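Undergrad: My structure is below; once you've seen it, I'll send some questions.
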Amino acid sequence: MRRFRELAPLLERLSGRIAILPGIAGDNPRSHPLANILHRAGLLKHVAFLTLQEAMDSDRFDAQRIWVALYLSGEHYPQALDEPLRRFLQGGGTLLVLPRPGQPFPFYYNEAGRVVVSAPKFGLHVSGGWEKPPAEHRYTFRRNPQQKILTSLPDPFPFPEEGDPRWRPIGNRYGEEALYTPLLTLYDEKGQSVGDGAAWVEFQRGEFAGARLGYVWATLLGHPDYQGGLVLDLLRHALSTAMPGLAEGLCFRTQEPIRVDGRLEEAIWQQAPRFPLNYGFLEKQGPPERPTEVRCAWDERNLYFAFVAEDPDIWSHHTERDANLWEGEVVEVYLDPDGDGRNYKEFEVNPLGAGIDLNIEDPARLQEVDRYRRWNAPNWRVAVQAEGTVNRREDRDRRWVVEMAIPFTDLGLPAAPSVGETWRVQFYRIERPQEGKPEFSAWSATDTFHNPRRFGRLIFAPHPYQDDFGLYPEGSKGSPLWGVQAGTWQVRNGVLVGQDSGTDGWYPSGLRW
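The sequence shown begins at 340 in the working numbering and counts up one residue at a time.
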């Protein structure tokens, strides 16, 4: 217990942001070995036990509110978890799958006992192995020497003689979608691998980019010699590296032309959601001292952004196009429409109105920045308004405002996005005060600039006060502005039609806005 109490600072830091997912009726997660260990260590108070209703409520269970979710149930699970758990992973959450001992194939049956094999829906590639190990072979677990997550277990140790012998390993079927790290691998006497009993997965691309997943074979969690070390090490790693979920916001469609002049006088700029750059990284952690907010709008031709940067000392030196603007004060937009983490576009603007646009082909090869800057968005428009005196360091300024328009055609897109389409997007600001360290701030929490799996999710929405459903894809449910509460809803020929929604009156009670 003494070693588990060493986790107290981590659990206290994330208190209320760690949740245990609900099981089926009669399956009490509090009886799981992990819950028992945390209870004996006096740490269970930092963990929330979600009901199924709470897990299905996006205002209660999402990756911004819950950073780490634990699945402690077994082979049966409530299938109503499918949508909220996928949403949690899409939001960049961390999921630890630690199945109940004696039930080694998680998400295999639904609550009615029907075979559904749902683990792949959540990015978990567990396969069926043997029902009991072949008697003619001897099997041994070995730690992966390249990993630093599991350090408290003996190495090697034999396949358990007691407990459920059904072997359900995880395997690397992710390709470029994820960084897969085997933690414990099972070998036969000839040194041939028969799969991994524990692994850590970090999703790099695709719909779960930014999410993380940990898995341990259930029988190891039930073994008294191994369960403590497994739980301790995996929890320590998950909690010490956990970040808030990915930022997410709506980009409203504008019904009026936007004049790019830096004044933000159009009505859409008062109506658009405001995205604060709340996360400091690199030199200074925590909330930045200089507030920055970003607003977004779009129409059939352009994507618009407005930055408002509070700054008592506005300065910059570069005035030419495609200079190293990051050496001074600057705001930045990163756009990754297909979310694959490659060939994303970077736009930077400084207080003097200079800009640089780049195509980041591969964030692992930033030394090729001179080649990346050869790409140009020829019709990109920018305007800056400074409330103060740029480069007069002795006086006190107020703020500077950047407004820009990026044509979709400059991004290589044939048309504007559809309503409900989601892009991976990040916003940054570099603030360099006269004294002290520079301040790097981001919209979506990150550890560095070029980490596309930590880019936020920007969802294209209609204008909230002029929504006629004519822009929605046929068959969609009315998201992102409308949420279904009862019945079934579908856009048909520009009309949102509901069935069994609980009303035939003028007010659509089966929807929420």
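A virtual CB, placed ideally from N, CA and C, is assigned to each residue, including glycine.
The model shown is predicted, which means the values in this text are computed figures rather than measured ones.
Alpha carbons only, please: which of Val758, Arg831, Glu813 and Val830 is nearest the one belonging to Phe799?
TA: Looking at the Cα atoms, Val758 is the closest of the given residues.
Undergrad: Between which two residues does the beta strand (DSSP E) containing Asp675 stretch?
TA: First-last of the beta strand (DSSP E) with Asp675: Val669 to Asp675.
Undergrad: Using the Cα positions of Pro417 and Asn449, report the straight-line distance between them to the nearest angstrom.
TA: Each residue's Cα considered, the two are about 6 angstroms apart.
Undergrad: Nearest to Val708 by alpha carbon, out of Leu664, Glu668 and Val834?
TA: Closest option to Val708, Cα to Cα, is Leu664.
Undergrad: What ranges does the alpha helix (DSSP H) occupy inside the region 567-622, keeping only unbroken runs of at least 4 residues that lie completely in it?
TA: Counting only runs of 4 or more, we get 607-610.
Undergrad: How about Arg512 and Phe444: do their beta carbons lie closer than 7 angstroms?
TA: In this structure, Phe444 does not lie closer than 7 angstroms to Arg512 by Cβ.
Undergrad: Between Trp439 and the rest of its own chain, which residues show a CB-CB distance below 7 angstroms, the 5 nearest in sequence each way excluded?
TA: The amino acid at residue 439 is misidentified as Trp; the sequence shows Arg. The answer, listed in chain order, is His371, Leu411, Ser412, Gly413 and Ala557.
Undergrad: Quick test of your reading: Leu283 and Arg681, contact by CB under 8 angstroms. State the CB separation rounded to the nearest angstrom.
TA: Since the first residue shown for the chain is 340 and the last is 852, residue 283 is missing from the structure and cannot be characterised.
Undergrad: Are the CB atoms of Val555 and Leu571 nearer to each other than 7 angstroms?
TA: Contact: no.
Undergrad: Pull the bridge partners of Asn698 from the DSSP assignment, please.
TA: Note: Asn698 sits in a beta bridge opposite Lys684.
Undergrad: Shortest alpha-carbon distance to Ala402 belongs to which of Ala581, Glu351, Ile695 and Glu666?
TA: When each option's Cα is compared against that of Ala402, the closest is Ala581.
Undergrad: For Thr658, does the count of other Cβ atoms within 10 angstroms reach 16, so buried, or fall short, so exposed?
TA: By the 10 Å Cβ count, Thr658 comes out exposed.
Undergrad: In or out: Thr787 buried (at least 16 other Cβ within 10 Å) or exposed?
TA: With fewer than 16 other Cβ atoms within 10 Å, it is exposed.
Undergrad: Around the C-beta of Tyr673, are 16 or more other C-beta atoms found within 10 angstroms, so that it is buried, or is it exposed?
TA: When all chains shown are included, Tyr673 counts as buried.
Undergrad: Looking at C-alpha atoms only, which residue of Pro753, His464 and Tyr643 is the closest neighbour of Gly601?
TA: Measuring from the Cα of Gly601, the nearest candidate turns out to be Tyr643.
Undergrad: Asp749 by DSSP, collapsed to three states: which one?
TA: Residue state, collapsed to three classes: helix.
Undergrad: Does the region 381-397 come close enough to the region 526-546 that 3 or more CB-CB pairs lie under 8 angstroms?
TA: Touching, no.
Undergrad: Under 8 angstroms by Cβ, that's how I've got Ala537 and Leu523 pegged, so tell me the actual separation to the nearest angstrom.
TA: Between Leu523 and Ala537 the Cβ distance is about 4 angstroms, and since that is below 8 angstroms, they are a contact.
Undergrad: Quick check on the DSSP output: the beta strand (DSSP E) that includes Tyr554 runs from which residue to which?
TA: Looking at the DSSP string, the run of the beta strand (DSSP E) that includes Tyr554 is Arg551 to Val555.
Undergrad: Can you tell me which of Ala662, Tyr683 and Val721 puts its alpha carbon nearest to the alpha carbon of Ile695?
TA: Checked all of Ala662, Tyr683 and Val721; the closest Cα to Ile695 is Ala662.
Undergrad: Is DSSP giving Trp654 helix, strand or coil here?
TA: If DSSP states are grouped into helix, strand and coil, Trp654 belongs with coil.
Undergrad: Within this structure, are the beta carbons of Arg768 and Ser783 separated by less than 7 angstroms?
TA: Not a contact, by the Cβ cut-off of 7 angstroms.
Undergrad: If you reduce the DSSP assignment to three classes, tell me which class Phe427 lands in.
TA: Phe427: helix per DSSP, three-state reduction.
Undergrad: Should the region 348-361 be called in touch with the region 369-386, which here means at least 3 C-beta pairs below 8 angstroms?
TA: Judged by Cβ distances under 8 angstroms, the region 348-361 makes contact with the region 369-386, as three or more pairs qualify.
Undergrad: Please report the residue range of the beta strand (DSSP E) in which Gln765 lies.
TA: Counting along the chain, the beta strand (DSSP E) containing Gln765 begins and ends at Thr761 to Glu770.
Undergrad: So who's on the other strand from Pro497, going by DSSP bridges?
TA: Beta-bridge pairing links Pro497 to Thr479.
Undergrad: Can you round the beta-carbon distance between Trp828 and Gly817 to whole angstroms, since I take them to be within the 8 angstroms contact cut?
TA: So it is a contact: roughly 6 angstroms between Cβ atoms.
Undergrad: I believe Leu797 touches Trp762 by the beta-carbon criterion, under 8 angstroms. Please report the beta-carbon distance rounded to the nearest angstrom.
TA: The pair is a contact, with the Cβ atoms about 5 angstroms apart (cut-off 8 angstroms).
Undergrad: Please name the residue in Glu500, Val669, Val670 and Glu685 whose C-alpha comes closest to that of Pro676.
TA: Of Glu500, Val669, Val670 and Glu685, the residue nearest in Cα terms is Glu685.
Undergrad: Going by beta carbon distance, what residues of the same chain come within less than 6 angstroms of Leu540, once the five residues before and after it are set aside?
TA: Reading off the sequence shown, one finds Val at residue 540, where the question assumed Leu. These residues qualify, in order along the chain: Ala517, Tyr519 and Leu552.
Undergrad: Where Glu604 and Arg575 are concerned, what is the direct C-alpha to C-alpha distance, given to the nearest angstrom?
TA: If you take the alpha carbons of Glu604 and Arg575, they lie about 50 angstroms apart.
Undergrad: Around the Cβ of Arg342, are there at least 16 other Cβ atoms within 10 angstroms (buried) or fewer (exposed)?
TA: Its Cβ having fewer than 16 others within 10 Å, Arg342 is exposed.
Undergrad: Report the rounded CA-to-CA distance for Trp845 versus Gly826, giving the unit in angstroms.
TA: Low per-residue confidence applies at Trp845: pLDDT is 48, beneath 50, and the placement is therefore not dependable enough to give any value.
Undergrad: With a 10 Å radius around its C-beta and 16 neighbouring C-beta atoms as the bar for buried, classify Arg344 as buried or exposed.
TA: Arg344 should be labelled exposed.
Undergrad: Determine the DSSP secondary structure at Leu835, reduced to helix, strand or coil.
TA: Reduced to three states, the DSSP call for Leu835 is strand.
Undergrad: Straight-line CA distance for Ala474 to Glu528?
TA: Answer to the nearest angstrom: the Cα atoms are 12 angstroms apart.
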